[in-house]
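**Q**
Residue numbers (the working numbering): 4 to 581.
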């Protein structure tokens, strides 16, 4: 039996954001037992770090994970940030798409889903409420509030169950959540590894973690400087679409479209506005709300033909080479380390980004798999570790294009080697809402590859130096052992004296070493011989100054004893003479 159109819409519904993600939690990254718990760690740590840094506080986080039953855990997460005022607690933890990060600014979180997503997962798997304690300063006074609540999924808000005040000693937030159908693991994609990598990318932070077995791990901070806060930047004209212009026009309080463009876009000078008018023949003095779609398209097309300065980079704050190396040294203890930071560039014409790369070799670099250290890639976006979806990430794709054999790494997979790659941007192009892999924009691929090649060349030089030292030692032993023997035998056959061969031996050694290092053999020979001569003279002089034929001829004089004996004498000159 066919239905009428009105009957087809009898079941028409509208989902709240919370209802949507309740049915599609995998879009938040909550898919799989290990991944789900790791994503909870990710969201809570990220929010704690952002809050502390914005308040000028060095972040310190304490995490206590207790195992109640199989795949059933109690998580207590505490930070030392500025706290959350009472009126905002349930908004932060119970409202999807609510937060303070919906700006064109570099930040770890960008979507307002993190904390509320954790509460949603907890409620979906256990039915238990969330418990939050917040200590914050209001009107110069330190206040404390404890709240127990659940999420009203239908209305995308919190349902308060219990509230009480307490007297805190310092600011910060503590949250308790229970989870089922999750699993703790020390594997590469587990919660422990997430913490380890977080410290590498955030050397100014400290994390104290107690695992389900009661083991306590303290990840100390390697730097005592709070990162400089990034500034909010205006969008670049090259990244604007016709829809963006229409949206801006409808929601602005500006009276002229000219003013709207100059105040809403970076690099939009008066000369650029005149150029747009000349190309499009549109009067930019008209009221924004009268802008038509066809006019918006003409403006966007005109901008595409124009040349603009690169996007401003004042809003991008990289970790920095020194801090990257400190973080990697703290965790990996490598024998070689090198970091580099590329200059800011833009993708899609208008979104600025910076690529940072660090390389660690030897020591505890890489990961131990079946009692053997293997190479690893640490991917980051705005200091946040990306532990999943590695195969689809632009960072992985770019690293695969580097010819590592050229740099002395013939068996890359089976060496103690760690690559650290961090992308800094106000708009990291993630492939999904799970924020675990970066889109393969051509500019990003290029920058990652170039930065990786830069640090690889430094490693190549280091490995060559090690190989050269080994070769030199081996050649020296061979020459020292066999050359004198050959010369003596040749002298016997020729019935002549053994010639002076030390200088010739030194020449051969220095030239061979220079050729191995790719240096000028003639220059290396000259410098080497000069150094050998200087060493020989120094040794000869040292022997002359310290040589004694017979120790029995040395007379030792005890001045204190002589002075004591001469107290009644008229003069001490004779003793000083002795």
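Cβ coordinates follow ideal geometry from the N, Cα and C atoms, glycine included.
Where does the unbroken beta strand (DSSP E) through residue 126 begin, and where does it stop?
**A** Along the chain shown, one-based indexing puts residue 126 at 123. First-last for residue 126: 117 to 129, but that is the alpha helix (DSSP H), not the beta strand (DSSP E).
**Q** Using 7 angstroms as the threshold, is the C-beta distance between residue 261 and residue 288 below it?
**A** Within the chain shown, numbered from 1, the residue matching residue 261 stands at position 258. Within the chain shown, numbered from 1, the residue matching residue 288 stands at position 285. Yes.
**Q** For residue 69, which residues in the same chain have their Cβ closer than 7 angstroms to its Cβ, ignoring the five residues on either side in sequence?
**A** Here residue 69 refers to the residue found at position 66 when the chain shown is read from its first residue. Contacts found: 76, 77 and 215.
**Q** Please report the straight-line C-alpha distance between residue 231 and residue 406, rounded to a whole angstrom.
**A** As a position in the chain shown, residue 231 is number 228, starting the count at 1. As a position in the chain shown, residue 406 is number 403, starting the count at 1. Cα to Cα, the separation comes out at about 36 angstroms.
**Q** Between which two residues does the alpha helix (DSSP H) carrying residue 424 extend?
**A** One-based indexing of the chain shown puts residue 424 at position 421. Run containing residue 424: none in the alpha helix (DSSP H); it sits in the beta strand (DSSP E), 420 to 428.
**Q** Among residues of its own chain, excluding the 5 on either side of residue 183, which ones have a beta-carbon nearer than 7 angstroms to its beta-carbon?
**A** Translated into positions along the chain shown, residue 183 becomes position 180. Result list for residue 183: 74, 75, 128 and 129, in chain order.
**Q** Under a three-way DSSP split, which group does residue 362 fall into?
**A** Mapped onto the chain shown, residue 362 falls at position 359. Strand.
**Q** Is the beta carbon of residue 149 closer than 7 angstroms to that of residue 167?
**A** Locating residue 167 in the chain shown gives position 164, where the first residue counts as 1. Locating residue 149 in the chain shown gives position 146, where the first residue counts as 1. Yes; because the gap between Cβ atoms is below 7 angstroms, this pair is in contact.
**Q** Is the CB-CB distance between residue 321 and residue 201 below 7 angstroms?
**A** Residue numbering aside, residue 321 sits at position 318 when the chain shown is read from its first letter. Residue numbering aside, residue 201 sits at position 198 when the chain shown is read from its first letter. It is not a contact, given that the beta carbons lie outside the stated cut-off.
**Q** With a cut-off of 8 angstroms on the beta carbons, I'd call residue 383 and residue 462 a contact; round off their distance for me.
**A** Locating residue 383 in the chain shown gives position 380, where the first residue counts as 1. Locating residue 462 in the chain shown gives position 459, where the first residue counts as 1. Incorrect: roughly 20 angstroms between the Cβ atoms, too far for contact.
**Q** In whole angstroms, what is the alpha-carbon distance linking residue 204 and residue 386?
**A** Taking the first residue of the chain shown as 1, we reach residue 204 at position 201. Taking the first residue of the chain shown as 1, we reach residue 386 at position 383. Whole-angstrom Cα-Cα distance: 5 angstroms.
**Q** Please list the terminal residues of the continuous beta strand (DSSP E) segment that includes residue 200.
**A** Translated into positions along the chain shown, residue 200 becomes position 197. Note, residue 200: premise wrong, no beta strand (DSSP E); alpha helix (DSSP H) at 194 to 204.
**Q** Got a sec? Which residues, its chain only, sit under 6 angstroms from residue 188 by beta carbon, not counting five neighbours each side?
**A** Numbered from its first residue, the chain shown carries residue 188 at position 185. So the qualifying residues of the chain are 37.
**Q** Just to confirm, is the Cβ distance from residue 190 to residue 326 under 7 angstroms?
**A** Residue numbering aside, residue 190 sits at position 187 when the chain shown is read from its first letter. Residue numbering aside, residue 326 sits at position 323 when the chain shown is read from its first letter. Contact flag unset, no.
**Q** With H, G and I counted as helix, E and B as strand and the rest as coil, what does DSSP make of residue 61?
**A** Within the chain shown, numbered from 1, the residue matching residue 61 stands at position 58. In the structure shown, residue 61 sits in coil (DSSP, three-state: anything other than H, G, I, E or B).
**Q** Please determine, among 378, 343, 210 and 307, the residue with the shortest C-alpha to C-alpha distance to residue 366.
**A** Taking the first residue of the chain shown as position 1, residue 366 is located at position 363. Of the listed residues, the one whose Cα sits closest to residue 366 is 378.
**Q** Of the residues 264, 48 and 488, which one's Cα is nearest the Cα of residue 245?
**A** Indexing the chain shown from 1 puts residue 245 at position 242. With distances taken between Cα atoms, residue 245 lies closest to 264.
**Q** Let me check one thing: in DSSP terms, what residues is residue 501 bridge-paired to?
**A** Here residue 501 is taken as the residue at index 498 of the chain shown, counted from 1. DSSP output for residue 501 lists no bridge partner at all.
**Q** Under a Cβ-count criterion, where at least 16 other Cβ atoms within 10 Å of its own Cβ denotes burial, should residue 243 be classed as buried or exposed?
**A** In the chain shown, counting from the first residue as 1, residue 243 sits at position 240. Buried, by the Cβ-count rule.
**Q** Residue 96 lies in the alpha helix (DSSP H); which residues open and close that run?
**A** Position 93 of the chain shown, counted from the start, is the residue given in the question as residue 96. Run containing residue 96: 89 to 97, per the alpha helix (DSSP H) assignment.
**Q** Would you report the Cα separation of residue 156 and residue 96, rounded to the nearest angstrom?
**A** Within the chain shown, the letter at position 153 stands for residue 156. Within the chain shown, the letter at position 93 stands for residue 96. Whole-angstrom Cα-Cα distance: 12 angstroms.
**Q** With 16 as the cutoff for other CB atoms within 10 Å, does residue 161 come out buried or exposed?
**A** The count along the chain shown starts at 1 and reaches residue 161 at position 158. That one is buried.
**Q** Use the C-beta contact count for residue 142: other C-beta atoms within 10 angstroms, 16 or more gives buried, fewer gives exposed.
**A** Here residue 142 is taken as the residue at index 139 of the chain shown, counted from 1. Residue 142 should be labelled exposed.
**Q** Can you grab the Cα-Cα spacing for the pair residue 175 / residue 337, in whole Å?
**A** By one-based count along the chain shown, residue 175 stands at place 172. By one-based count along the chain shown, residue 337 stands at place 334. Spanning the two alpha carbons is a distance of roughly 35 angstroms.
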